[in-house]
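The numbering of the sequence shown is full-length UniProt numbering, which starts it at 1 and goes up by one.
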Amino acid sequence: MGDIKTDTIPLLTSASQYSDWVAKIKGVMLFTGCWGPVLNSSPPEGEKAEDWKKKDDQAKGLIWMCTATNYHYLLETKEEEVDGVKKHVAASYSAKDMWDVLKKEFGTPDTAEAIGLLMSFSNLPPMMDTRPLCDQLGTYITRIRDASNGGMHFTKSQQAVFILMKLLPSYSTLSTRFTSSHPLKDWTIEWIQGKVLAEESLRSSTSQSVTRISKMKLKPSRPCDFCGSGTHHESTCWKKHPDQHSKRGGKGKGKGKDKDKDKGKGKDNSNNHAHTAAPTVNVLVAESSSNMHASFYSVAHAAAVQHTHWLMDHQLL
Numbered sequence: 001m002g003d004i005k006t007d008t009i010p011l012l013t014s015a016s017q018y019s020d021w022v023a024k025i026k027g028v029m030l031f032t033g034c035w036g037p038v039l040n041s042s043p044p045e046g047e048k049a050e051d052w053k054k055k056d057d058q059a060k061g062l063i064w065m066c067t068a069t070n071y072h073y074l075l076e077t078k079e080e081e082v083d084g085v086k087k088h089v090a091a092s093y094s095a096k097d098m099w100d101v102l103k104k105e106f107g108t109p110d111t112a113e114a115i116g117l118l119m120s121f122s123n124l125p126p127m128m129d130t131r132p133l134c135d136q137l138g139t140y141i142t143r144i145r146d147a148s149n150g151g152m153h154f155t156k157s158q159q160a161v162f163i164l165m166k167l168l169p170s171y172s173t174l175s176t177r178f179t180s181s182h183p184l185k186d187w188t189i190e191w192i193q194g195k196v197l198a199e200e201s202l203r204s205s206t207s208q209s210v211t212r213i214s215k216m217k218l219k220p221s222r223p224c225d226f227c228g229s230g231t232h233h234e235s236t237c238w239k240k241h242p243d244q245h246s247k248r249g250g251k252g253k254g255k256g257k258d259k260d261k262d263k264g265k266g267k268d269n270s271n272n273h274a275h276t277a278a279p280t281v282n283v284l285v286a287e288s289s290s291n292m293h294a295s296f297y298s299v300a301h302a303a304a305v306q307h308t309h310w311l312m313d314h315q316l317l
């Protein structure tokens, strides 16, 4: 066995140390090359029967030496019913048979360990909304399954209920929906997990949509009631609220001659818009010898044509 000694393997005496015992004796068997007979009762193709029997005997010897003597009867007898009475009769076991017998006897944890596994799940805090549920569900599922396999023997629906109990409070409506629409016998952890993750995905996409909408700059639903512009509301119209409009800087646009003429006449700027400076054309149309009508057309980029009629006395011209 080289440098490995059997005294490094503890004697198997109780279920509480079974997992530790398995880990250590398996390591020794792997080192010595006799782990194969524990997994299979017959040799693989191509291996000689005598070589396999040698490995099997070596594995049986290790199991025998590392099991407490008061449990040796498990390794050399089997229980049979004779005339209605159960008795232990002599039996010849392979290394795999021995391993399976000990696993059946000690593999199920005792009551204390089973309760400890359940408390390990119970002590987990409820899931948090600061992390994705897909990253949290795995831990809870593993713990409750360990408790079930460790001796509590929960049904699939009971395990699903335990997971549901650890969900966020904000998912209480989802729990209510489950209880009112699906029979308890149909519940499984996989079903609960799928429903919860689908709900999380739906809430995430809805939240992102609301965020995008809140960031959009909404256009006014109707033109300004004061000036008729479709680019702003009456509440932000600077012509109605000139005190809210900052003075423009820089040099004026247009030809100097027309510019001076407008200044001299004290031009009415009520039709000027805060957003665009629209070009204007003045057309005088004579309709009679005594009166003249002047039509003032203001043409903006996309706005409708606005008309202002002045009645002018020819004597004043």
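All C-beta atoms in this analysis are idealised placements derived from N, C-alpha and C, irrespective of residue type, glycine included.
Outcome for residue i when other beta-carbon atoms lying within 10 angstroms are tallied against a minimum of 16
| i | result |
| --- | --- |
| Q159 | buried |
| I16 | In the sequence as presented, Ile is not what sits at residue 16; that position holds Ser. With fewer than 16 other Cβ atoms within 10 Å, it is exposed. |
| F162 | buried |
| A147 | buried |
| residue 322 | Shown here, the chain extends from 1 to 317; a query on residue 322 therefore has no answer. |
| L164 | buried |
| L202 | exposed |
| S229 | buried |
Contacts around residue i, its chain only, beta-carbon distance under 7 Å, and the 5 residues preceding and following it disregarded
| i | result |
| --- | --- |
| G150 | P109, E113, A114 and L117 |
| A49 | P43 |
| H275 | The pLDDT assigned to H275 is 45, lower than 50, so where the model puts this residue is not dependable, and the model offers no usable value. |
| G36 | K55 |
| V89 | T77, K78 and E80 |
DSSP three-state assignment for residue i, whether helix, strand or coil
| i | result |
| --- | --- |
| E47 | coil |
| T77 | strand |
| K86 | strand |
| N282 | With a pLDDT of only 44 at N282, under 50, the local geometry of the prediction cannot be trusted, and the value read off the model is given with reservation. If DSSP states are grouped into helix, strand and coil, N282 belongs with the strands. |
| A23 | helix |
| L12 | strand |
| T67 | strand |
| Y18 | helix |
| R203 | helix |
| T176 | helix |
| G33 | coil |
| K53 | helix |
| W191 | helix |
| S235 | helix |
| P242 | helix |
| D7 | helix |
| D186 | helix |
| G228 | coil |
| S181 | helix |
Residues near residue i in its chain [Cβ-Cβ closer than 6 Å; skip 5 each side]
| i | result |
| --- | --- |
| K156 | T188 |
| I144 | F121, Q159 and F162 |
| E200 | L133 |
| C34 | K55, Q58 and A59 |
Contact check, residue i vs residue j, beta carbons under 7 Å
| i | j | result |
| --- | --- | --- |
| M127 | L168 | yes |
| A95 | D56 | yes |
| K166 | Y140 | yes |
| Q193 | L124 | no |
| V38 | L74 | no |
| C134 | L184 | no |
| K54 | M98 | no |
| E76 | K86 | no |
| A68 | L30 | no |
Cutoff 8 Å; reference residue i; Cβ partners in own chain excluding five residues on either side
| i | result |
| --- | --- |
| I25 | I9, L62, I63 and C66 |
| residue 346 | Residue 346 falls outside the range modelled here, since the chain spans only 1 to 317, and no answer is possible. |
If we require 4 or more residues per run, which alpha helix (DSSP H) segments fall completely within the stretch 92-171? If we require 4 residues or more, the alpha helix (DSSP H) runs fully inside the stretch 92-171 come out as 95-106, 111-122, 133-147 and 156-165.
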